[in-house]
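Residue numbers (the working numbering), protein chains in the order written: chain A, -5 to 317; chain B, 160 to 462.
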């Protein structure tokens, strides 16, 4: 078991270094640099000296290999440097935008889990009934619908409903306040994006719950449990659901990582100032340090949730440990 | 092209086997419709949008890019069945032409991503050892990398346009396909006939293409259909963000950009219909894919 864990943890590092190399190379393959964007943004002309001075100031005149070494050395010390565009520390740029993205992601996950597991289970238990058909249509539609369109539709519905009810169309506020300071205002900002993102997430987990439950319910030990006269409730909750949770947990873990990276579209629809929009902005400004830090953040979350899922799997399923 | 031939014949035999004794394509289709009514609805939806895309030039009542400032944000009527947008363009015509963009991007990305993943996945399993380790690490990197940064970088380096959108969508599909194919192929590698082929002195290429690939075709085909749906959704999202297909090319994601929110209360049809088109198409593809899985997956057939 220890060997497995150590091996699995050691595998994290090549992935992180590879991702670092990839984002480093991709950013530098884009023609131009932050100095050109900064100096040329007003459409004004600038001298070659000004450009060279700007590049020297940020360190863009150093050879790539030196820049890459600096980047990796910074990562190793958790020092992400200063944003090339704004001049503020990268950590500060991210810290101001991270809470709202994280809150949307966490709320979407909670919505997804609370709906997916019970509905998926019922759907499997009553296979081919009208409930099953309903749940399945709901989940296939969730996978087929683009989340940004659900976002647009939810805004449209809120606008129309408030127009009908009060005569004035109402839109959720966009300036973020933390949950603990003004819960109501916070929720009115986060609720729609969370539902929008959560629907797809819920659909994916629901399908997984249903098919895993269907498989488990056909196992011999379920028949044994029933034949020894256990209450159906105990058979379902203790024997079936517990064993069906493995693939469901995997999907929930993997989708969460995907979610953080995929918030860009939702933040665009709802005008939220989160890390998804920061990502787009940082690439457009050719802000190497900020983009690199953001990519490393997303990749680390993905790699770690993969790791947690794998270790959790090994803990739950003894067969994996022995391999 | 030698790559495509064995796979297609393999898939055809597999599908034919799954559908029972050898029949003509018409009989097989009728049997599929009878056995999989829900999947047939999916197939029907895909056919409708597919044909709409192919024959858009003939069916579309208006030029999809022609502005008509005398008929801006007009509600659905006999003249404009689905209304007009903020520039007076006919929404129905744009949806029909948008189907073409969606299917071109969706099918190309799925095919290129799928076949690259197929070859890499089977090779990875076949060679094992260091090659496998290296390919799987590259897989990990690409899979954890945010799609949007990849797309932004591709677009910034090569410029916007349909080809580059396809590239941006295809790259992340490769590792996902590779992983699934690899796990099926790992099991096949241990089967005696692969050893026999090796003992007969066949080359690596022949063993991979002729002996291993046809046996992973069932999971591969199922994945390929779901890839088409995923690619269509990705194209819509990228176009919506302004990173995908550019005006004046009609694309569903692009139609939702800009005016859609602004005219939410005055002209909601601008936002409603393109979204419905995306949803119905991908819905159809998924239903069809589910039915295909039921037909091709022997584990499910036994039940």
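Every residue, glycine too, gets a C-beta built ideally from N, C-alpha and C.
Fair warning: this is a prediction, and the values are worked out from it, not measured in the lab.
Output, in chain order, the set of chain B residues within a Cβ distance shorter than 9 Å of residue i.
i                      : result
residue 273 of chain A : 305, 307, 308, 311
residue 187 of chain A : The contacting residues do not exist; residue 187 of chain A stays about 14 Å from chain B at best.
residue 83 of chain A  : Those within 9 Å of residue 83 of chain A in chain B number zero; the least Cβ separation is about 21 Å.
Which of helix, strand or coil does DSSP assign to residue i?
i                      : result
residue 267 of chain B : helix
residue 76 of chain A  : strand
residue 8 of chain A   : helix
residue 154 of chain A : helix
residue 220 of chain B : coil
residue 140 of chain A : coil
residue 306 of chain A : helix
residue 163 of chain A : coil
residue 330 of chain B : helix
residue 121 of chain A : coil
residue 65 of chain A  : helix
residue 431 of chain B : helix
residue -5 of chain A  : coil
residue 445 of chain B : helix
residue 24 of chain A  : coil
residue 175 of chain A : coil
residue 228 of chain B : coil
residue 399 of chain B : helix
residue 169 of chain A : coil
residue 351 of chain B : helix
residue 173 of chain B : Note on residue 173 of chain B: pLDDT 48, under 50, position unreliable in the model; no value is reported.
residue 195 of chain B : coil
Using DSSP bridges, identify the partner residues of residue i.
i                      : result
residue 249 of chain B : B/243
residue 83 of chain A  : A/76
Buried or exposed for residue i, going by 16 or more other Cβ atoms inside 10 Å?
i                      : result
residue 161 of chain A : exposed
residue 286 of chain A : buried
residue 335 of chain B : buried
residue 203 of chain B : exposed
residue 97 of chain A  : buried
residue -3 of chain A  : exposed
residue 354 of chain B : exposed
residue 406 of chain A : Outside the shown range of chain A, which is -5 to 317, sits residue 406 of chain A, and nothing can be said about it.
residue -5 of chain A  : exposed
residue 282 of chain A : buried
residue 442 of chain B : buried
residue 25 of chain A  : exposed
residue 193 of chain A : buried
residue 117 of chain A : buried
residue 319 of chain A : Since the first residue of chain A shown is -5 and the last is 317, residue 319 of chain A is not available in this structure.
residue 363 of chain B : exposed
Strictly below 7 Å CB to CB, what residues from chain A border residue i?
i                      : result
residue 445 of chain B : 134, 137, 138
residue 299 of chain B : 9
residue 399 of chain B : 142, 259
residue 427 of chain B : 150
residue 442 of chain B : 134, 135, 138
In chain B, which residues lie with their C-beta within 7 Å of the C-beta of residue i?
i                      : result
residue 154 of chain A : 424
residue 13 of chain A  : 300, 303, 304
With a CB to CB cut of under 8 Å and the five nearest residues on each side skipped, what residues in its chain are close to residue i?
i                      : result
residue 290 of chain B : 282, 283
residue 349 of chain B : none
Quick one: residues in its chain with C-beta nearer than 7 Å to the C-beta of residue i, no 5 flanking neighbours on either side, listed in chain order?
i                      : result
residue 157 of chain A : 163
residue 197 of chain B : 446, 450
residue 387 of chain B : 265, 266, 269, 444
residue 448 of chain B : 381, 384, 385
residue 31 of chain A  : 279, 280
Grab me the residues of residue i's own chain with a C-beta within less than 6 Å of its C-beta, minus the 5 sequence neighbours each way, in chain order.
i                      : result
residue 295 of chain A : 251, 254
residue 221 of chain B : 249, 252
residue 319 of chain B : 405
residue 244 of chain A : 303
residue 210 of chain A : 234, 237, 238
residue 9 of chain A   : 297
Taking Cβ-Cβ distances shorter than 9 Å, what residues in chain A pair up with residue i?
i                      : result
residue 395 of chain B : 140, 142, 143
residue 296 of chain B : 5, 8, 9, 12
residue 434 of chain B : 139, 140, 142, 143, 144, 146, 147
residue 388 of chain B : 137, 138
Anything in chain B within Cβ reach of residue i, meaning under 8 Å, just list it in chain order.
i                      : result
residue 262 of chain A : 399, 400
Under 6 Å from any heavy atom of the ligand FMN, does the C-beta of residue i make it?
i                      : result
residue 433 of chain B : Among the ligands in the structure shown, none appear at all, so the ligand FMN cannot be discussed.
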